[in-house]
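Q: Listed in order, the protein sequences are those of chains S and Z. Under the numbering used here, think of the first position of the first sequence as 10, with each following residue one higher. Under the numbering used here, think of the first position of the second sequence as 17, with each following residue one higher.
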Amino acid sequence: MKSANDRADDGYYFALPRLCQRLHGRGNEVSENNAIEAYVGSVGTFIVTFLLAWQTFTHNLNGWPIIVLFLLLILAVWIFWLLVFYINSLAIKVLRRTGLFRSASNRHAQDLFIGIVVAALAYQLSILPSWMHYVGILYLIALGLNLMAAILLTLIPSPK
Amino acid sequence: MNSVRSWQQSFAVRGVSWRHGLDWAIVNVPFYFHPFLVFFWTLFFFFFARCERKAVLSHLTVILPGSWRVMNYFRAFRVFSNFAWTLTEATIYKLNKAPFACELSGAEFFNELLAGKGAIILTAHMGSYDLGAALFATRFQREIRVVRAPELDADSAQHVDLALKSAGAAVKVNYSTEGAALSFDLLNALRNGEIVSIQGDRVVGEMASAPARLFGRRVCLPSGPFILALVAPAMIYPLFVIRLGHRRYKIVVREPIPCRRTARARKDDIASAITRWAEVLEALVRENWNQWYAFTPIFRNEERE
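Right under this line is the structure:
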């Protein structure tokens, strides 16, 4: 038996799957309950940040220092994002005073700032002379498609 | 000097700082970063909450006999990770009022519980009991009185208290340290048709307890709920809120345990009800060992009988 709230996991958050849903004639409710989106967002962002940090800091290193650095970089990526979230929250607070982001919640307002930071990191990764640049390119493509989908969602009328 | 010490204590495992940090993160961090943050905070607590880690490891050796110690470290990490997720999702429900998917197992017993006047829900430190109480009160429009052990840290206790009260007036909180006054309060509540929820898997402080057997080991389980059921009289419904996945829960209700006065001695009536509860608890913990958040040693007597 399922409760009355068993539709809680319907819908998506990112614009691209919501556009696909709308093109299939279904509704495009914004939902934060999709586990796949949560894990893809987390793992994808971690990989891009970690690979860029790895490429930047592991030049001319061999042997055990590289293992130590591997562990330190994992922690550094975590701390880096905590700082990003904190700085973003301060920026949102300042922008709210100027009248921007008045209606958006803090976590939704962060989307814009996170998008900019992740796009910058992915771009840096994509121009590196290594196989890792494919990861950066892939991430940039995903971000670009999601942005395009967000624009299209505002243009395509919602099914009644 | 004292203020410096209390500031330092706020950063301890039982301190209030991480609770404030979690509240901040739920308000400020988009959901698609939650797995990333939960993983790292789990790692952090897994290393620093030494006593809790040891307790979980010792329980795992009893629940899963013959299991490898190395593998039990990974299993203990899963317990910590599930605990982090239940805390995170309870905070999401509290602050963002996000919808949660919820299944029900044991609907016939659950309907019986809702229809009845005055009942005891006996639960365990399993899944999300705080979220369960809030969901229960809001979804099924029934008042619920939750009895729980207070947090050791005063600031943390205040924070948890406020969090539970934010679930609405339908959730009333009582602390197990309130003594004799609590017994009379709960008795009145049951006789007025209220539902009382008590955690029955751990004895804290001077709490009344009775011996029982769990996984072939001797344990002490709280006897208060059974004495209350006998005196009121009220039926005991074993109920657990199990986390199935990302924002998905299952309410598991098992067959009610009667605790009635018979021709036998009173302690025998209570003992037989506690034995049935121990059987239900053992079955649920065996199935959901990764969600049993018993962070203090339960199996005090390590001798196998």
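We put the beta carbon where it would ideally sit given N, CA and C, even for glycine.
1) Give me the chain S residues within the contact set of residue 179 of chain Z, using Cβ-Cβ distance strictly less than 9 Å, ordered along the chain.
2) Could you check whether the Cβ of residue 89 of chain S sits closer than 8 Å to any Cβ belonging to chain Z?
3) Reducing DSSP to helix, strand and coil, say where residue 170 of chain S ends up.
4) My output table needs one value for residue 251 of chain Z: the three-state DSSP class, helix, strand or coil.
5) Compile a chain-ordered list of the residues in the segment 32-65 of chain Z whose CB is closer than 7 Å to at least one CB of chain S.
6) To the nearest angstrom, how far is the alpha carbon of residue 137 of chain S from that of residue 31 of chain S?
7) Within the segment 156-187 of chain Z, note down every full alpha helix (DSSP H) run reaching 4 residues or more, in order along the chain.
8) Which residues in chain Z sit within 9 Å of residue 46 of chain S, going by Cβ to Cβ distance?
9) With 8 Å set as the bound, which would you pick, yes or no: does the beta-carbon of residue 143 of chain Z sit closer than that to a beta-carbon of chain S?
10) Would you say residue 218 of chain Z faces chain S, with C-beta separation under 8 Å as the test?
11) Is residue 268 of chain Z near residue 258 of chain Z, with beta carbons less than 8 Å apart?
12) Below 8 Å, can you find three or more Cβ-Cβ pairs linking the segment 163-174 of chain Z to the segment 17-36 of chain Z?
13) For residue 320 of chain Z, count neighbouring Cβ atoms within 10 angstroms of its own Cβ and tell me buried if that reaches 16, exposed if not.
14) Of all the CB atoms in chain S, is at least one closer than 8 Å to the CB of residue 263 of chain Z?
15) Taking Cβ positions only, does residue 149 of chain S come closer than 8 Å to chain Z?
16) I'd like the ranges of any beta strand (DSSP E) spanning at least 3 consecutive residues and lying wholly in the segment 223-272 of chain Z.
17) Starting from residue 106 of chain Z, find everything on chain S with Cβ-Cβ shorter than 9 Å and list it in chain order.
18) Which residues of the segment 103-125 of chain S have a Cβ closer than 8 Å to any Cβ of chain Z? Give them in chain order.
19) In the DSSP assignment, the alpha helix (DSSP H) including residue 291 of chain Z goes from what residue to what residue?
20) Evaluate the contact criterion for the segment 31-44 of chain Z versus the segment 98-111 of chain Z: three or more CB pairs, one atom per stretch, below 8 Å.
21) How would you list, in chain order, the residues of chain B whose beta-carbon sits under 9 Å from the beta-carbon of residue 54 of chain S?
22) Whole alpha helix (DSSP H) runs in the segment 54-100 of chain Z with 4 or more residues, listed along the chain?
23) Check whether the segment 197-205 of chain Z touches the segment 241-252 of chain Z, counting contact only when three or more Cβ pairs, one atom from each stretch, lie closer than 8 Å.
24) Start and end of the alpha helix (DSSP H) containing residue 119 of chain Z?
25) Shorter than 8 Å from the beta carbon of residue 150 of chain Z to some beta carbon of chain S?
26) For a contact meaning CB atoms closer than 9 Å, what does residue 21 of chain S contact in chain Z?
27) Under the rule that 16 or more other beta-carbon atoms within 10 Å means buried, what is residue 50 of chain S, buried or exposed?
28) Closer than 8 Å, CB to CB, is residue 14 of chain S near chain Z or not?
29) Quick check on the DSSP output: the alpha helix (DSSP H) that includes residue 192 of chain Z runs from which residue to which?
30) Considering Cα atoms alone, identify which of S:20, S:28, S:42, S:24 is closest to residue 113 of chain Z.
31) So, is the C-beta of residue 26 of chain Z closer than 8 Å to a C-beta in chain S?
32) Any idea if residue 157 of chain Z is buried or exposed, counting beta-carbon neighbours within 10 angstroms, 16 or more meaning buried?
33) Spatial neighbours of residue 121 of chain S within its chain, please: CB distance less than 7 Å, with the 5 preceding and 5 following residues excluded, ordered by chain position.
34) To the nearest angstrom, how far is it from the Cα of residue 286 of chain Z to the Cα of residue 115 of chain Z?
35) Show which residues of chain S have a CB atom less than 9 Å away from the CB atom of residue 245 of chain Z.
36) So, helix, strand or coil for residue 213 of chain Z, using DSSP?
A: In short:
1) As a working mapping, residue 179 of chain Z is identified with position 163 in the second sequence. By Cβ distance, chain S contributes nothing, its closest Cβ being about 19 Å from residue 179 of chain Z, past 9 Å.
2) Residue 89 of chain S sits at position 80 when you count from the first residue of the first sequence. So, not an interface residue.
3) The requested residue 170 of chain S is not part of the displayed model; chain S covers only 10 to 169.
4) As a working mapping, residue 251 of chain Z is identified with position 235 in the second sequence. Of the three classes helix, strand and coil, the one that applies to residue 251 of chain Z here is strand, per DSSP.
5) Those would be 43, 44, 45, 46, 47, 48, 49, 50, 51, 52, 56, in chain order.
6) Looking up residue 137 of chain S in the first sequence gives position 128. Looking up residue 31 of chain S in the first sequence gives position 22. Taking the straight line from one Cα to the other gives about 37 Å.
7) 170-181
8) If you number the first sequence from 1, residue 46 of chain S lands on position 37. Chain Z residues near residue 46 of chain S: 47, 48.
9) Taking the second sequence and counting its residues from 1, one reaches residue 143 of chain Z at position 127. Judged by the 8 Å Cβ criterion, residue 143 of chain Z is not in contact with chain S.
10) To locate residue 218 of chain Z, count along the second sequence from 1; it is residue 202. So, not an interface residue.
11) Within the second sequence, residue 268 of chain Z is the residue found at index 252, counting from 1. Within the second sequence, residue 258 of chain Z is the residue found at index 242, counting from 1. At the C-beta level, residue 268 of chain Z and residue 258 of chain Z come within 8 Å of one another.
12) yes
13) Mapped onto the second sequence, residue 320 of chain Z falls at position 304. Caution is warranted here: a pLDDT of 48 is assigned to residue 320 of chain Z, below 50, making its placement in the model unreliable, and the coordinate value is therefore given only provisionally. Answer is exposed; the Cβ neighbour count stays below 16.
14) Within the second sequence, numbered from 1, the residue matching residue 263 of chain Z stands at position 247. Taking Cβ atoms only, chain S reaches closer than 8 Å to residue 263 of chain Z, which makes this a yes.
15) Taking the first residue of the first sequence as position 1, residue 149 of chain S is located at position 140. No, residue 149 of chain S does not count as interfacial toward chain Z.
16) 225-230, 233-238, 251-261, 264-269
17) Along the second sequence, one-based indexing puts residue 106 of chain Z at 90. Those within 9 Å of residue 106 of chain Z in chain S number zero; the least Cβ separation is about 15 Å.
18) 114, 115, 116, 117, 119, 120, 123
19) Taking the second sequence and counting its residues from 1, one reaches residue 291 of chain Z at position 275. Note, residue 291 of chain Z: alpha helix (DSSP H), 282-303.
20) yes
21) Here the protein chains are S and Z, and chain B is not one of them.
22) Annotation note: the segment 54-100 of chain Z contains the following uninterrupted alpha helix (DSSP H) runs of length 4 or greater, listed N- to C-terminal: 66-79.
23) Between the segment 197-205 of chain Z and the segment 241-252 of chain Z there are three or more inter-stretch CB-CB distances shorter than 8 Å, so the stretches are counted as touching.
24) Locating residue 119 of chain Z in the second sequence gives position 103, counting from the first residue. Per DSSP, residue 119 of chain Z belongs to no alpha helix (DSSP H); it is in the beta strand (DSSP E), 117-121.
25) As a position in the second sequence, residue 150 of chain Z is number 134, starting the count at 1. Chain S contact via Cβ: absent.
26) Position 12 of the first sequence holds residue 21 of chain S. Contact annotation for residue 21 of chain S against chain Z: no contact, minimum CB-CB distance about 11 Å [criterion: below 9 Å].
27) Mapped onto the first sequence, residue 50 of chain S falls at position 41. So residue 50 of chain S ends up on the buried side.
28) Indexing the first sequence from 1 puts residue 14 of chain S at position 5. Below a pLDDT of 50, predicted positions are generally treated as unreliable, and residue 14 of chain S, at 49, falls in that range; no measurement from the model is reported.
29) Position 176 of the second sequence, counted from the start, is the residue given in the question as residue 192 of chain Z. Looking at the DSSP string, residue 192 of chain Z is not in any alpha helix (DSSP H), and its letter there is neither H nor E.
30) Position 97 of the second sequence, counted from the first residue, corresponds to residue 113 of chain Z. Comparing Cα-Cα distances from residue 113 of chain Z to each of S:20, S:28, S:42, S:24, the minimum goes to S:42.
31) What you label residue 26 of chain Z is simply residue 10 of the second sequence in a count that begins at 1. Output row for residue 26 of chain Z: interface = no.
32) Here residue 157 of chain Z refers to the residue found at position 141 of the second sequence. So residue 157 of chain Z counts as exposed.
33) By one-based count along the first sequence, residue 121 of chain S stands at place 112. So no residue of the chain qualifies.
34) Residue mapping note: residue 286 of chain Z aligns to position 270 of the second sequence, counting from 1. Residue mapping note: residue 115 of chain Z aligns to position 99 of the second sequence, counting from 1. Near 40 Å, if we compare the C-alpha coordinates of residue 115 of chain Z and residue 286 of chain Z.
35) In the second sequence, counting from the first residue as 1, residue 245 of chain Z sits at position 229. Result: empty, since nearest Cβ-Cβ is about 26 Å, beyond 9 Å.
36) Here the question's residue 213 of chain Z lines up with position 197 in the second sequence. Reduced to three states, the DSSP call for residue 213 of chain Z is strand.
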